[in-house]
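Participant: The structure under discussion is supplied below as C-alpha cells; questions concerning it will follow.
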Amino acid sequence: MSTDTVSNATSTPDVEQPWAELGLKPDEYQRIRDILGRRPTSCELAMYSVMWSEHCSYKSSKVHLKRFGEIPQETPAGKMLAGIGENAGVIDIGEGYAVTFKVESHNHPSYVEPYQGAATGVGGIVRDIIAMGARPVAVMDPLRFGPLDAPDTKRVLPGIVSGVGGYGNSLGLPNIGGEVVFDPTYLGNPLVNALCVGVMRHEDLHLANATGVGNQMILYGAKTGGDGIGGVSVLASETFAEGGPTKRPAVQVGDPFMEKLLIECTLELFAANVVEGIQDLGGGGLSCATSELASAGDGGMRVSLDKVPLRDASLSPEEILMSESQERMMACVTPENVEAFLKICEKWDVQADVIGEVTDTGRLEIDWHGERVVDVLPETVAHEGPVYNRPYERPSWQDELQADGAEKLPRASNGAELRDTLLKLVASPNLCDKSWVTDQYDRYVLGNSVLAQPEDSGMIRVDETSGLGVAVSTDCNGRFAKLDPYTGAKLALAESFRNVATTGARPAAVTDCLNFGSPEDPAVMWQFTEAIRGLVDGCKELGIPVTGGNVSFYNQTGETAILPTPVVGVLGVIDDVTRRTPIGFTPEMEGHQLYLLGETEEELSGSEWAHVVHGHLGGRPPAVDLAAEQQLADILINASRDGLIDAAHDVSDGGVAQTLVESALRGGVGARVWAPDGLDPFLFLFAESAGRAVVAVPRTEEVRFTDMCTARRFPHAKIGVITGDTLDVQDQFEVPLTELREAWTATLPSVLN
Amino acid sequence: MKIGVVTFPGSLDDADARRAAAVAGAEAVALWHGDADLHGVDAVVLPGGFSYGDYLRAGAISRFAPVMETIITRAGQGMPVLGICNGFQVLCESHLLPGALIKNHHRKFVCKDQALRIENNSTAWTSDYDANHEITIVLKNQDGSFVADEATLDRLEGEGRVVARYLGNPNGSYRDIAGISNERGNVVGLMPHPEHAVETLTGPTTDGLGFFTSVLKAVVAS
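Respectively, the protein sequence lines represent chains A and B. Position 574 (the first sequence) corresponds to 574 in UniProt numbering; numbering is contiguous. Position 57 (the second sequence) corresponds to 57 in UniProt numbering; numbering is contiguous.
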C-alpha cells in the first residue's frame, strides 16, 4: 500500500476513510475535514481519532471538570506548583521539597487481560510522576471487583493483583495502601485505579513542553511495537458489548525492568540538566506526545517517523502513531546537550533517538521516508477536540431508591444476635482481612514506609533528618454515591481526608479518579455532574484544591452501569513522621482509655450491614458535615503532635464494631467497650455516620485530651478501655480475638487459594 | 570501615542496604556493576531486586558483570560478601554458594514479616547473634525457594553452613533453609531482608542490624 501523503489527500478528496472503525462519530469526522480544509491523511485520521477519544479528550467531562478551577489553588501545606493539565499536580510541602501525586484508571484493559492491564496501569502513572521531575516513592491501588464468589472474579482478581504487584515490586516502589471492594456491578467491569506519589526538590520541577526553535526531540526507552494499537479509542471509550469480538490485541504489554531503567535514566538526565521539556508516552502514544508537547510550546515541531526504532519493522506509519507500547518518553533537548543526553541513556542501556526538532512554523509536521504524512496545527489535535454538553437528568428511579431506607430493616436486638452480626460482617468480603492481596505487594522497599496497609493511610518519610513526610489515602463508598451522588462524593472526600488526619498528617491536596458508566446515558451523566458538584463544594469547604486526576467513562456491561465511583485520594503533610498515629491496640497500650469522637446517628442506609445482612441498597447516605470533619481532623492532628493519643482509627464501613476489631487484631490486644449513654447498642456498633474516629488515650493524658475536645465543643464519649484478649461489649457479648481473627482472615484464602 | 553495595540494572534494595550499613556505623560505598574496581571496600553486599529483569533466571546475567569477577576473586581471599534475596541468587549463579533458588511453591510474590532462627553465629555476618537466636525480619520475593540435591543439603547441614532457618516455611525451601554460607563463612546468602529491619520507624523490628554490625567486627578482627 502506498503512503497516504498530504498531497495525495488533497488530490483525492473523496476516498472512503475508516473513521467509524476508529471510533469517530460522523460530525467529528466532518469537523476534522473542516479544520484541515481537506480530508485527513490516514496518519492524521489516526492521530485525531486517538486524541479525540473520550479517554484523551475528556470530551464529555470537560465542561464539568472546569469547575475544579473554582477551588482556590492554595493548599494548607504550601503553594501549588503545577495543577490540572500537567502530567500530575505538584505542591510545595516545605523544606525545599515538592510532592506530586495522581491517580488514574486502567479499568477496561484489566478486564480484557488482567495481568498486563493492571501492570501497565501502574507503569503509566509512574511515568506521569517521573515526567514531572520527581522520584516516585510509593504507589497505591484502589481495586473493585464483582462478587467474591463469582467465577469471573477468580479469573480477574488474581491476575490484577499479581499484575499490580509484579510491576510495582519490580520497580522497587512500595505499595502502601489502596482499596479492595466487591460489588455485583463491577462483575463485567472491574476498576483498577493506580496512584503514584513522587518527591522532588523545587528546582527539579519539569513541565511538558517543546520550546526553542532548533531544539531536538528525542524518543527514548523501549522500541515501538504493535501492542496497544487503538487501545485508547477502542478500549477505553466503548462499552463492553456482550458477544462482541475479543479485544485482547489492544492491551499493552509491560516490561517493568525497562521502566526501572527509564526511572533511573530520567532522573539522571534531570540531574545533569540536559532536558528542556519532557512527556511520557501513555494513552495515545506518539500522537499524544507530539501534539501535546508541540501545542504547549512556542513554535511547531517536525518529526521523521521513520526514525522511530521499531520492534516490528512491518508497522505502518499510522500504527506507529497509534501504538501504545509502554516504557517510552519524549524529551526536548538543546542541540548542545544532545550528546550528553545520549551518553546517559547509553549508561543505562536505554535506547534513545533524535526523531525531530522544534520549528517556527507553529505546525506539527510528520514525515515518513521524506514524504509529508501529517501537517496540522497541534492544538487542533491535542486540545480542540469536540466538547459535548451531554444531556443529564436525575433518573426517575432515584426517588424510589431514596425512599427505601435500610433503617426499617430488622436488626439484631440482643447480645447473641449482635455477636452473630459482628462475626458475619467481619468475615464479609468488603470488611475481611485483605492480606491475601497486600502480601503480594512489597511495602518495605526504599526503607521509608512509615505506615502501610491496613493503616488508615500510607505514610512515607521524605527527609530522614527532619522527619518530614507525606500521608496518602484513597476512598470511595460507591453505594453512598449511588444513593446520592452529590453527598456520596463529599463522603468519599470526607473519608479520605479523615484517614489522612487520623495518622497525624495535615490534609493538603486532592486527586480523583472518577469512574462512571456511559456518558451517553443521561442518568449516568447526572451522577457524574452531581459528584463533581459534591467534590467542588467539598474541596472549597475544606480549603484543599484538586491537583489532577482522571475520568473513566463507559464502565458498564450492557445497560448496567457500575456504582458511581468517584475515588478520592487525599495527600497530607506531617512535619515529623515519628509522631504518626497507627491504628493498632498494642500491649504497651493496655489500660488506655477509648474515646469515640463525633456523633452517631441512626444512619444505616448504604451500610455494610444492610449490604451483607439484607442484600439491601436504598435510602439516603449518612449526612456529611465538613466543618465537623475539619474540627475532627484538627483534634486528631493536634493530639498526635502533643502525644495525647497513641492509636486512632477512623469509623467508616462496618461502623465502630469494625473499627474496634481492626485495631484489636492489628495490635493484638482486645478491648472492653460500652455504648455511650442513650445510644442503642446496635447503632453504636454498626451505624456508619461520618465524621467519627476511635482514639486510644493514655490515662495520664485523659484530662488534657478531653479538655481539648470540650474547648472545641466537639462531641466525645468514653466508650471503653484497651485490655485483654477479647472484644467485650459490656452487657451484650464477648468474642475472643482468636475467633475474630479466624473469621476475619479465612474469607479471601478460602475462595482464592 | 567501608561496606560496598553493588547496583546492577534492576537492583531495588541498594539504597536500603547502604542505609543499613550506615546505621550500623560503616561507611557505605555505592559500587556499579560495570566497574570492576571495588574502591577499597572491606566487605560487599549484593542487594535485592530484579537485576536484569530476572531475564533468563534470577541472577543469571548479573554473575557476568565486571564487578562480579573482582568480587569472586576477593571472596576467595576471604572478603565478607552478603547476598540478600536477588544477591543470594547471584551468589548461587556465581557458584560461590551451592544450590539454587526457584519460584515459591505457592507461585505468588510474598511480602511478610518472617521469623527465622540463626543456626550459625560464627560467620562473618552473624557473629553478633546468639546461638539459635530467633529474629523477625522482612521476607519478600518471587523466587525464594532454596533447593539443592540431598547430598549437598546433607553436606551443608553437616558442616554447619545452614546460617538461618525459617520458623514456618513461607516458600517451600528445602529443610526450611533461609540462608547458607561457604566453607569459610565469609560468603553468606540470605533470602529474607535484614536491611529492611534496622529502624523501628520503617521496619517490623531492628533484628536485621546484627548482620551489619557482625561484619564490622569480622573486618576489624581480620
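Just so it is clear, CB atoms sit at the ideal spot from N, CA and C, and this is done for glycine as well.
1) If you follow the beta strand (DSSP E) that Ala332/A is part of, which residue opens it and which one closes it?
2) Measuring CB atoms only, is the region 92–110 of chain B touching the region 64–77 of chain B, in the sense that at least three cross pairs come out at less than 8 Å?
3) Using three-state DSSP, classify Tyr595/A as helix, strand or coil.
4) Just to confirm, is the Cβ distance from Ile160/A to Leu171/A under 9 Å?
5) When the cut-off is 9 Å and only beta carbons count, does Gly96/A lie next to chain B?
6) Closest Cβ-Cβ distance between Leu446/A and chain B: below 9 Å?
7) How about Ala561/A and Ala523/A: do their beta carbons lie closer than 9 Å?
8) Taking only runs that begin and end inside the UniProt domain "PurM-like C-terminal" (590–726) of chain A, name each unbroken beta strand (DSSP E) of 3 or more residues, in chain order.
9) Give the interface partners of His196/B over in chain A, defined as CB-CB distance under 7 Å, in chain order.
10) Shorter than 9 Å from the beta carbon of Gln440/A to some beta carbon of chain B?
11) Only counting runs of 3 or more residues, tell me where the beta strand (DSSP E) segments fall wholly within the UniProt domain "PurM-like N-terminal" (85–200) of chain A, in order along the chain.
12) Is Gly4/B closer than 9 Å to His33/B when the C-beta atoms are compared?
13) Between Arg506/A and chain B, is any beta-carbon pair separated by less than 9 Å?
14) Between which two residues does the beta strand (DSSP E) carrying Met301/A extend?
15) Give a yes or no on whether 9 Å exceeds the smallest Cβ distance from Leu46/B to chain A.
16) Alpha carbon to alpha carbon, how far is Ala36/B from Val67/B?
17) Which two residues bound the contiguous alpha helix (DSSP H) that contains Arg74/B?
18) Apart from the five residues on each side of it in sequence, which residues of its chain come closer than 6 Å, Cβ to Cβ, to Ile278/A?
19) Using a Cβ-Cβ distance cut-off of 9 Å, determine whether Phe528/A contacts chain B.
20) The region 554–585 of chain A: which residues have C-beta closer than 9 Å to a C-beta of chain B, in chain order?
21) Using only CA atoms, which one of Trp19/A, Met200/A, Ala623/A lies nearest to Asp484/A?
22) Determine the burial state of Gly369/A: buried for a count of at least 16 other Cβ atoms within 10 Å of its Cβ, exposed for fewer.
23) Is Pro454/A near Lys434/A, with beta carbons less than 9 Å apart?
24) DSSP state of Arg363/A, grouped into three classes?
25) Does the separation of the CB atoms of Val103/A and Val573/A fall below 9 Å?
26) Determine, using beta-carbon pairs with one atom in the region 98–113 of chain B and one in the region 133–142 of chain B, whether at least three such pairs fall under 8 Å.
27) What is the residue span of the alpha helix (DSSP H) that Thr136/B lies within?
28) Please list the residues of the region 55–87 of chain B that have a C-beta atom closer than 8 Å to any C-beta atom in chain A, keeping them in chain order.
29) Relative to the alpha-carbon of Ala77/A, which residue among Ala505/A, Thr659/A, Trp609/A has its alpha-carbon at the smallest distance?
30) Give the interface partners of Pro9/B over in chain A, defined as CB-CB distance under 9 Å, in chain order.
31) Just reading off the alpha helix (DSSP H) that Gly4/B is part of, what are its end residues?
32) Are three or more beta carbon pairs between the region 487–495 of chain A and the region 457–469 of chain A nearer than 8 Å?
33) Could you tell me the alpha carbon to alpha carbon distance between Glu688/A and Arg620/A, rounded to whole angstroms?
34) Just tell me which of Arg672/A, Gly668/A, Glu702/A, Thr600/A has its CA closest to the CA of Ser652/A.
35) Name the chain B residues that come within less than 8 Å of Ser110/A, Cβ to Cβ?
36) With distances taken between CB atoms, is the gap from Ile637/A to Ala427/A smaller than 9 Å?
Facilitator: Walking through what the data contain:
1) At residue 332/A the sequence reads Cys, which differs from the Ala that was named. 328–333 is the extent of the beta strand (DSSP E) around Cys332/A.
2) yes
3) strand
4) no
5) no
6) yes
7) yes
8) 593–597, 647–650, 671–673, 693–697, 716–722
9) Tyr444, Gly447
10) yes
11) 89–94, 97–105, 135–145, 175–182
12) no
13) no
14) 300–304
15) no
16) 4 Å
17) 66–76
18) Ala131, His206, Ala331
19) no
20) Val577, Thr578, Arg580
21) Ala623/A
22) The question names Gly, but residue 369/A in the sequence shown is His. Flag for His369/A reads exposed.
23) yes
24) coil
25) no
26) yes
27) Run containing Thr136/B: none in the alpha helix (DSSP H); it sits in the beta strand (DSSP E), 134–141.
28) Tyr55
29) Ala505/A
30) Phe257, Lys260, Leu261, Glu264, Trp348, Asp349
31) That residue, Gly4/B, is in no alpha helix (DSSP H); its beta strand (DSSP E) goes 2–7.
32) no
33) 12 Å
34) Thr600/A
35) What Ser110/A touches in chain B: nothing, since even the nearest Cβ is about 18 Å away.
36) no
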